[in-house]
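Per the UniProt record's numbering, the sequence shown starts with residue 1, numbered consecutively. Below: one structure, written as structure tokens.
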Amino acid sequence: MKIFHSNRGITLVEVLLAMTLFAIILMSLITILTQYISYYRDYHERLAIKQSTRLALNYIEKRIRECNHQQMIYHAESQTIEGQNSMQERVWVDLSGQIRYEENTLLYFNRTTGELRVNKNKEHNVLVRNIKEIIIREIIEGRLIEIEVIAAGLDYSVKTSIRLCYW
1 MKIFHSNRGI TLVEVLLAMT LFAIILMSLI TILTQYISYY RDYHERLAIK QSTRLALNYI
61 EKRIRECNHQ QMIYHAESQT IEGQNSMQER VWVDLSGQIR YEENTLLYFN RTTGELRVNK
121 NKEHNVLVRN IKEIIIREII EGRLIEIEVI AAGLDYSVKT SIRLCYW
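Right, here's the structure in full:
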């Protein structure tokens, strides 16, 4: 049984046709892969911004919970929470958006750079970037606040409610 026996070989037209078909298929695959990579990059950037926003809220909650809840005061005019740590030192969480230069600042939000920073010993270390705004609402005066962290460059925010005192 003979399947293909020809002494003729492949003509130039057949070679050009095969190369053209191969090039069309290859260009289609490259276009699809380029779109996939672009989609993946955008998705990864959005996910990173969402994670940093959630991380910022987690840092804020953790630092507030480190304070003695019997000695905690929320100053609405300056959007600052004042408390005492375990060594009875006064500490602050400042979410006003202004740079805070005082020592023992557990956290402060710098609105111009969109960063959440720590300033315990005047080091101004950056904890989280890509924050557009931090909004504090006092639900029950002196007792319950709601904190909302809004992401920069994305329509995304996270909220939490925190009890300031338990009496």
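Even glycine gets a Cβ: it sits at the ideal position worked out from N, Cα and C.
Partner residues in the beta bridge of S157, as assigned by DSSP, are I150. Rounded to whole angstroms, Q84 and E123 show a C-alpha spacing of 20 Å. Between N119 and A151, the beta carbon gap of about 23 Å keeps them out of contact (Cβ cut-off 8 Å). Look at N58 here: in three-state DSSP terms it is helix. Non-local beta-carbon contacts of E133 in its own chain, meaning distances under 7 Å to residues more than five positions away in sequence, involve I150 in chain order. Under the DSSP assignment, E133 falls in the beta strand (DSSP E) whose first and last residues are 131-140. For the pair E89 and N110, the CB atoms are not nearer than the 8 Å cut-off.
Boundaries for S86: no beta strand (DSSP E) harbours it, and the DSSP string shows neither H nor E there. Boundaries of the beta strand (DSSP E) harbouring Y74: 73-75, taken from the DSSP string. Buried is the label assigned to L95, since at least 16 other Cβ atoms lie within 10 Å of its Cβ. Annotated as proximal: V93 and L106, with beta-carbon spacing under 8 Å.
Counting only residues of its own chain and dropping the five nearest sequence neighbours on each side, G97 has a CB closer than 6 Å to the CB of F109, R111. Between L16 and F22, the alpha-carbon positions lie close to 10 Å from each other.
For I135, same chain residues with a beta-carbon under 6 Å away, outside a window of 5 residues either side, are E148 in chain order. Contact annotation: A76 and E138 have beta-carbon atoms nearer than 8 Å. Setting aside the 5 residues that flank it on each side, R63 is surrounded in the same chain by V93, L106, L107, each with a C-beta closer than 7 Å to its C-beta; the list follows chain order. A straight line joining the alpha-carbon of T31 with that of R41 spans about 15 Å. Residue pairing by DSSP places F109 opposite L116 in a beta bridge.
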